[in-house]
Amino acid sequence: MVALSTNKVIALGLLLRIGFFLFGIVQDKLSPVKYTDIDYLVFSDAAQYVASDKSPYMRETYRYTPLLAWILLPGTLGGLWEHYGKAVFILCDMLTGILIIKSLQREVIPDTRPSATFFQRNKLPILSAIWILNPMVITISTRGSSESVLSCLIMLAIENLMQGQLFMSAVWLGLSIHFKIYPVIFLPAIMLHLVAKRPSLIRGLSNVPVIGWINSANMLYFVVTLVALALTNFTMYHFYGYEFLYHSYIYHLTRLDHRHNFSLYNTALQAKAAKDYLINKPEGIDVISLVFGNIEKIAFVPQLLLSGIIIPVALARQNLMGCLFIQTLTFVTFNKVITSQYFIWYLIFLPGYLAKSKIIRTEYRLKGFIMIASWVLGQGLWLFYAYRLEFIGENTFNELLIASGLRIDGRRWNELRRFECQINTHPHSSDGSSYVEHGNTKVMCIVKGPMEPHSRAQQDQTDASIEVNINVASFSTLERKKRNKNEKRIVELKATLERTFEQSVLTHLYPKTLIEIEVQVLAQDGGMLASITNAITLALIDAGIAIYDYVSAVTVGLHDQTPLLDLNSLEEGDMSCLTVGVVGKSEKMAMLLMEDKMPIDHLESVLGIAIAGSHKIRELLDDEVRRHGNKRLAKLQSKA
Numbered sequence: 001m002v003a004l005s006t007n008k009v010i011a012l013g014l015l016l017r018i019g020f021f022l023f024g025i026v027q028d029k030l031s032p033v034k035y036t037d038i039d040y041l042v043f044s045d046a047a048q049y050v051a052s053d054k055s056p057y058m059r060e061t062y063r064y065t066p067l068l069a070w071i072l073l074p075g076t077l078g079g080l081w082e083h084y085g086k087a088v089f090i091l092c093d094m095l096t097g098i099l100i101i102k103s104l105q106r107e108v109i110p111d112t113r114p115s116a117t118f119f120q121r122n123k124l125p126i127l128s129a130i131w132i133l134n135p136m137v138i139t140i141s142t143r144g145s146s147e148s149v150l151s152c153l154i155m156l157a158i159e160n161l162m163q164g165q166l167f168m169s170a171v172w173l174g175l176s177i178h179f180k181i182y183p184v185i186f187l188p189a190i191m192l193h194l195v196a197k198r199p200s201l202i203r204g205l206s207n208v209p210v211i212g213w214i215n216s217a218n219m220l221y222f223v224v225t226l227v228a229l230a231l232t233n234f235t236m237y238h239f240y241g242y243e244f245l246y247h248s249y250i251y252h253l254t255r256l257d258h259r260h261n262f263s264l265y266n267t268a269l270q271a272k273a274a275k276d277y278l279i280n281k282p283e284g285i286d287v288i289s290l291v292f293g294n295i296e297k298i299a300f301v302p303q304l305l306l307s308g309i310i311i312p313v314a315l316a317r318q319n320l321m322g323c324l325f326i327q328t329l330t331f332v333t334f335n336k337v338i339t340s341q342y343f344i345w346y347l348i349f350l351p352g353y354l355a356k357s358k359i360i361r362t363e364y365r366l367k368g369f370i371m372i373a374s375w376v377l378g379q380g381l382w383l384f385y386a387y388r389l390e391f392i393g394e395n396t397f398n399e400l401l402i403a404s405g406l407r408i409d410g411r412r413w414n415e416l417r418r419f420e421c422q423i424n425t426h427p428h429s430s431d432g433s434s435y436v437e438h439g440n441t442k443v444m445c446i447v448k449g450p451m452e453p454h455s456r457a458q459q460d461q462t463d464a465s466i467e468v469n470i471n472v473a474s475f476s477t478l479e480r481k482k483r484n485k486n487e488k489r490i491v492e493l494k495a496t497l498e499r500t501f502e503q504s505v506l507t508h509l510y511p512k513t514l515i516e517i518e519v520q521v522l523a524q525d526g527g528m529l530a531s532i533t534n535a536i537t538l539a540l541i542d543a544g545i546a547i548y549d550y551v552s553a554v555t556v557g558l559h560d561q562t563p564l565l566d567l568n569s570l571e572e573g574d575m576s577c578l579t580v581g582v583v584g585k586s587e588k589m590a591m592l593l594m595e596d597k598m599p600i601d602h603l604e605s606v607l608g609i610a611i612a613g614s615h616k617i618r619e620l621l622d623d624e625v626r627r628h629g630n631k632r633l634a635k636l637q638s639k640a
C-alpha cells in the first residue's frame with residue numbers, strides 16, 4: 001500500500017491550486033459566469049485608487065483595511081500582474097497549510113505498529129489534507145478571496161505561541177484583529193491558556209478566579225496585542241481618517257446584508273431591509289420595527305457572550321486548539337452574516353481539534369460521517385433554495401428556514417407558539433368568560449345563558465340553541481382586507497363553530513333555551529379559528545354549562561411534505577393548512593376545517609401532529625380551569 005506523507009499532500013495541494021487558477025482564467029474568458037470572485041475586482045479597484053494616491057474607499061463596497069489594498073499594489077501594473085493578488089492569496093493558503101502541519105506534528109504521533117490501520121499510520125497527512133486538499137479552501141483562494149491572508153496571520157500567531165514566542169505571537173494576533181476584527185475573541189482564550197505558564201502576579205489570590213489568573217505571560221501578551229493593533233490602526237487612520245474606522249469596523253456593527261446569507265437572521269434582515277421600500281406601508285403599529293428593530297446590533301450579544309467569554313473560560317486551559325475551533329464555530333453560527341468564506345474561519349482549527357477528538361476513532365466514525373453528511377446536506381438545501389430566491393425570484397423564505405431546522409419565528413416543526421389563557425375574565429357582565437392569547441393572536445369570549453331565546457325561531461323544544469357571534473376588530477391585523485370578503489369568512493367560521501359546539505354541549509339538558517356566545521378577536525397572527533374554539537371551551541366551562549369534554553383546537557399545515565404544527569399568519573398564507581378540534585384526550589375530532597387541498601397520502605401524518613398538538617392545548621386549558629377552581633375553593637373556605 002502506498003504510504004502517504006505531508007510532502008505529497010503539500011505537492012498535490014499546490015498542483016490543485018495551480019490547476020484551479022488556470023481553469024479560472026479560461027472560464028473568465030469563455031463563460032458569462034465568471035470564476036473570479038467579485039471581491040477580487042473590488043480589491044483590485046481599491047489598489048488602483050491607492051496607486052493614484054487616492055483613498056481605497058473611493059471604491060464602493062470596499063469594507064476592508066487599506067493594508068489589503070497596499071499589499072495588492074503590484075497588481076495595478078497590468079498584464080499578467082493582474083493575477084498577482086490571487087498568487088498572494090494562494091501563497092498564504094499554502095503557508096496556512098504548512099503551519100497546520102507544524103501544529104499537528106506536536107499532537108500526532110505516527111503509529112508504526114504492524115497492526116495499525118491505514119488511518120493510524122497516516123493520521124498526520126490525512127488530517128492536514130482537511131485544509132490543503134479541501135476543494136472549498138482551494139476554490140476560495142484561487143477565486144481571489146482574501147480570507148487566506150487572515151488565516152495565515154492567525155496560524156502564525158498560534159504557531160509562535162506554541163513555540164513560546166509570546167511577543168511575536170501577540171504581534172501576529174494584533175495584525176489579525178486589524179485585518180478583520182473577529183480574531184479578538186481569541187485573546188481571552190490565549191490569555192487563559194497562559195495562566196499555567198507562569199505564577200500569578202497576586203500570589204495570595206492565585207486560587208481566586210479572574211484575579212488569580214493574571215500573570216506576567218498573559219499581561220505581556222495582552223499589552224503587545226493591543227499595541228500592535230493600535231499602531232496599525234493609528235497608521236491607517238493617519239492616512240485615511242474616519243472613513244478607515246467606519247468602513248473597516250463601524251460599518252460591520254450596523255450591517256444589514258440580506259443577500260447571499262446563510263445566517264439564521266437572514267429572514268429578519270430581509271424584513272427590516274424591505275420595510276422602507278413598501279409602497280403601501282401598513283397603518284398602526286410598525287410590527288417589523290417592533291420585532292426586528294435593532295437586530296443587527298442585538299445579534300452580537302449571544303455571539304460575543306458565548307464565543308468571547310463562556311467557551312474560553314470553560315475550555316481554553318484544557319485544550320487551546322479545541323477551544324479556538326469551538327469559539328470560531330460558535331461565532332460564525334451566531335453571526336448575522338454568513339457566506340461560504342466564513343467556514344474557512346473555523347476550518348483552520350478543525351485538523352487540530354480532530355487530532356484530540358474521539359470522533360476519529362473507529363467506533364465513532366459512523367457518527368462523524370453522519371455529522372459531516374448532515375452539514376453538507378444542510379448547505380446543499382440552503383444553496384438550492386437561495387438560488388431559487390435570488391436568481392429565479394421565487395418566494396422560498398420558509399424553505400430556507402426549514403433547511404436550517406427552524407421556522408420563520410424560530411420554532412421547530414412540532415413546536416407550539418406561546419399559549420396563555422385566563423378564565424372568568426368578566427365575572428360581573430356575563431355567565432362565563434375567557435381570554436386566550438396564542439402567539440400574537442388574541443381572543444376574548446363571553447357566554448350568556450342558558451336563557452330565554454330572543455324569538456320563537458331560536459327556540460328548540462328538545463335542545464338548547466347555540467348562537468355564535470364573531471367581531472373582528474379593525475386593528476387586529478395590519479392588512480386591511482375587503483369588508484365583504486372578511487364578512488363571508490366570519491359567516492363560515494360562525495357556522496363551523498355552531499355545528500361544533502352543538503355536538504359538544506349537552507344541549508338536551510337545556511331545552512327551549514339559548515346559549516349566546518360573543519367572540520371578540522383583538523389580534524390576528526394565524527390560528528384564529530383554533531384560538532376562538534379554545535376560548536369558547538373555557539367560557540362554557542366558566543358558565544357551568546355541561547359539555548362532553550374539552551374541545552381543544554390547533555392549526556396544522558403541510559409544507560414541502562413536512563407537517564408543521566401551529567401556523568402563524570405568514571405560514572398560513574404560504575401552504576396548505578387545516579384546523580382540527582379534538583374532544584378531550586381522545587382522537588375523536590369535533591371539528592375539521594380544511595382551507596386548501598392537501599395530498600391524501602400526507603393527511604394521516606398531518607392529523608397525527610394536529611391531535612398531539614390539541615392534546616397539549618387541552619392540558620394548558622385544564623391547568624387554567626384547575627387553577628381557577630382552586631382559587632375559588634380557597635376563597636370559599638376562607639369565608640367559611
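For the sequence shown, the UniProt record's numbering gives the first residue as 1, with consecutive numbering after it. Even glycine gets a Cβ: it sits at the ideal position worked out from N, Cα and C.
Helix, strand or coil for residue i? Go by DSSP, reduced to three states.
i, result
"T579", "strand"
"A553", "strand"
"M598", "coil"
"I190", "helix"
"H438", "strand"
"F21", "helix"
"F167", "helix"
"T562", "strand"
"L16", "helix"
"G573", "coil"
"L593", "strand"
"P427", "coil"
"P351", "helix"
"N414", "coil"
"I288", "Bear in mind that a pLDDT of 45 at I288, under 50, signals an unreliable position, so the model cannot answer this."
"E467", "strand"
"residue 642", "Outside the modelled stretch of the chain, which goes from 1 to 640, sits residue 642, for which no answer is possible."
"I202", "coil"
"K448", "strand"
"V42", "helix"
"G79", "helix"
"N335", "coil"
"G629", "helix"
"K585", "coil"
"Q422", "strand"
"S433", "strand"
"V33", "coil"
Give me the Cβ distance between residue i and residue j, rounded to the nearest whole Å; I'm assuming they're in contact under 8 Å.
i, j, result
"V519", "I470", "5 Å"
"A590", "T500", "5 Å"
"S55", "Y240", "5 Å"
"T96", "F179", "Actually they do not touch by this definition, with Cβ atoms about 14 Å apart."
"A523", "K442", "4 Å"
"L231", "L166", "Actually they do not touch by this definition, with Cβ atoms about 18 Å apart."
"T225", "G174", "5 Å"
"I344", "E147", "5 Å"
"C421", "S434", "7 Å"
Closest to residue i by CA distance: which of the options is it?
i, options, result
"L192", "F222, I490, E624 and L16", "F222"
"L68", "L522, L41, H602 and I466", "L41"
"S145", "L187, I101 and I90", "I90"
"R17", "Y182, Q303, F384 and R143", "R143"
"L99", "C152, S605 and E147", "C152"
"H83", "Y35, L593, P453 and E516", "Y35"
"Y550", "M575, S586, G526 and Y249", "S586"
"R198", "N218, P183, T112 and F186", "N218"
Tell me, please, whether the CB atom of residue i is closer than 8 Å to any CB atom in chain B?
i, result
"Q165", "This model lacks chain B altogether, as it is built from one protein chain only."
**Message:** Quick check for students: name the residue ranges of the beta strand (DSSP E) that lie wholly in the segment 480-553, counting only runs of 3 or more.
**Reply:** 514-523
**Prompt:** Is the segment 65-77 in contact with the segment 41-49, if contact means three or more CB pairs nearer than 8 Å?
**Reply:** yes
**Request:** Only counting runs of 4 or more residues, tell me where the alpha helix (DSSP H) segments fall wholly within the segment 105-156, in order along the chain.
**Result:** 118-121, 123-132 and 135-142
**Message:** Under 8 Å: do the segment 578-588 and the segment 524-538 share three or more Cβ pairs, one atom per stretch?
**Reply:** yes
**Request:** For the segment 312-329 and the segment 118-126, state whether three or more C-beta atom pairs, one from each stretch, are separated by less than 8 Å.
**Result:** no
**Message:** With three or more C-beta pairs closer than 8 Å as the rule, is the segment 449-462 touching the segment 496-511?
**Reply:** yes
**Prompt:** Any chance the segment 600-610 sits against the segment 619-626, with 3 or more Cβ pairs inside 8 Å?
**Reply:** no
**Request:** Decide if the segment 338-352 is in contact with the segment 125-141; the criterion is three or more beta carbon pairs, one per stretch, under 8 Å apart.
**Result:** yes
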